[in-house]
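Undergrad:
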Amino acid sequence: MPLLAVTVLGADRPGIVAEVTGHLSRLGGNLEDSTMTLLRGHFAMLLVVATDRPIGEVEQALAPVAADGTLDVAVRPVPESTATGAPGAPHLLSVHGGDRPGIVSSMLGVVARVGGNVTDLTTRLSGDLYVVVAEVDLPAGTDTDALASALRAAADELDVDVSLRAVDADLL
Amino acid sequence: MGSLLPELPPGNVLPVVRAPAHVLSGAGADVDPLDPAVVQLAADLLATQRVSPGCVGLAAPQVGVGWRLFSLDVTGHPKARTVHGAVVLANAEVVEASRWEKGREGCMSVPDLTGDVRRAGRVLVAGVVPGTGERLEVRTDAFEARAYQHEIDHCAGLLFLDRVAGAHAIHQRKTYL
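As they're listed, the protein sequences go chains F and A. So that you can map any letter, position 56 of the first sequence is 195 in this note's numbering, and since no number is skipped, the others follow by simple counting. So that you can map any letter, position 9 of the second sequence is 209 in this note's numbering, and since no number is skipped, the others follow by simple counting.
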């Protein structure tokens, strides 16, 4: 069945998730993957829905969600295969230090240069403390020692601390 | 320390059940450790675990049987500290648990997902040994402690999915053995 990506962004209030998923359920859509979070009170949700209904019909069904102007809703097709090649080795990159512009772009630029792919990212600003936690897939054969050194060099320039560790899951 | 494993008949390799099979979600029944069917299933669990790459433990519900019985062997695992070798245990429970820490787990019955789960890094586990009926207490730590908790959970109808640390603590499994 075709997949649609539904994004909902805007001011938070109780009931958004129930309302959006209710409209999709009444269309016979099946939620596959979804994620939602709040960033400084800003609501952000991305749903992947399997449905045979055309995009226009889904947009129309979701129109009431955006009716009061506080939320933006977008519906887009998801290509059949979005596989990004062979799975890499998952690693957790943790960065923290004094807030300043460019921490995320500098540190994840180092990861990008070895072909690492960010699969999850959270940043938090708490007072002057800036925290970045990113899950990155590193391609097979990545020299993780060299990458860790490059990350430390970048972190020294920014005056932040960095750690990189494998997060291999254990099969039980 | 000698082997904790009783004498067992030759084991058969059984198919492993995957979620959402209901047998994985129901609490297992207490078993009679001297029942020949229980002893045979203990051998089968161990045999199935041993042919499954990377598998360090297998509980009866994972082969479709709602019993409180599992096999476990973390020998050679890089994250293991204390290692008791191969063990089969019935009606087991965690008696003491401390030093909680988060780790990422996968499960043969949930092959495409992993989850971040808090488990005790030190446990005292007690159960009965199939075939002899003797009470066995195992005090262990680190990875072996995690494995015992995972298998005892299976016997209670719990998957790691029931214990994940948060809404963003479930992950697509990225590496396959």
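Ideal Cβ positions, reconstructed from N, Cα and C, are used throughout, including at glycine. All of these numbers come straight from a predicted model, not from anything done at the bench.
(1) Looking at chain F, which residues of the stretch 262–283 of chain A have a Cβ within less than 8 Å of any of its Cβ atoms?
(2) Let me know the alpha helix (DSSP H) ranges lying completely inside the stretch 218–259 of chain F, each 4 residues or longer, listed in chain order.
(3) Apart from the five residues on each side of it in sequence, which residues of its chain come closer than 6 Å, Cβ to Cβ, to Ser173 (chain F)?
(4) Measuring straight from C-alpha to C-alpha, what distance separates Val250 (chain F) and Val270 (chain F)?
(5) Would you identify the three-state DSSP class for Ser378 (chain A), choosing helix, strand or coil?
(6) Taking only beta-carbon positions, decide if Ala308 (chain F) is within less than 7 Å of chain A.
(7) According to the neighbour-count rule (16 or more other Cβ atoms, all chains shown, within 10 Å of its Cβ), is Asp207 (chain F) buried or exposed?
(8) Looking at the strands, I want to know which residues DSSP matches up with Met184 (chain F).
(9) DSSP three-state call for Ser298 (chain A): helix, strand or coil?
(10) Could you say which of A:His371, A:Ile370 and A:Val288 lies nearest to Val274 (chain A) if we only look at CA atoms?
(11) Quick check: the Cα distance between Ser225 (chain A) and Gly264 (chain A), rounded to an integer number of angstroms?
(12) Quick one: give me the first and last residue of the beta strand (DSSP E) that Glu337 (chain A) is part of.
(13) Considering Thr314 (chain A), what are the terminal residues of the beta strand (DSSP E) in which it resides?
(14) Can you pull the chain F neighbours of Ala347 (chain A), defined as C-beta to C-beta under 8 Å?
(15) Out of curiosity, what's the CA-to-CA distance linking Ala297 (chain A) and Leu324 (chain A)?
(16) Quick one: list the residues of chain F neighbouring Arg322 (chain A), beta-carbon separation under 9 Å, in chain order.
(17) What does a CB cutoff of less than 8 Å around Arg373 (chain A) pick up in its chain, not counting 5 residues either side in sequence?
(18) When you measure from the CB of Leu178 (chain F) to every non-hydrogen atom of the ligand MN, does any distance come out below 6 Å?
(19) Would you decide whether Thr146 (chain F) is buried or exposed? Buried here means 16 or more other CB atoms lie within 10 Å of its CB.
(20) So, is the C-beta of Arg304 (chain A) closer than 7 Å to a C-beta in chain F?
(21) Measuring CB atoms only, is the stretch 263–279 of chain F touching the stretch 223–238 of chain F, in the sense that at least three cross pairs come out at less than 8 Å?
TA: The answer reads as follows:
(1) His277 and Lys279
(2) 242–252
(3) The answer, listed in chain order, is Leu186.
(4) Taking the straight line from one Cα to the other gives about 17 Å.
(5) The structure shown does not extend to residue 378 (chain A), since chain A spans only 201 to 377, so no value can be given for it.
(6) yes
(7) exposed
(8) F:Val147 and F:Met175
(9) strand
(10) A:Val288
(11) 11 Å
(12) It spans Arg335 to Asp341 - the beta strand (DSSP E) in which Glu337 (chain A) sits, taken as one unbroken run.
(13) It spans Val310 to Val328 - the beta strand (DSSP E) in which Thr314 (chain A) sits, taken as one unbroken run.
(14) Leu311
(15) Straight-line measurement puts the Cα of Leu324 (chain A) at about 7 Å from the Cα of Ala297 (chain A).
(16) None at all; the shortest Cβ gap to chain F is about 17 Å.
(17) Gly306, Pro311, Asp312, Leu313 and Thr314
(18) With respect to the ligand MN, the structure shown offers nothing to examine, as it has no ligands at all.
(19) With fewer than 16 other CB atoms across the displayed protein chains lying within 10 angstroms of its CB, Thr146 (chain F) is exposed.
(20) Chain F contact via Cβ: present.
(21) yes
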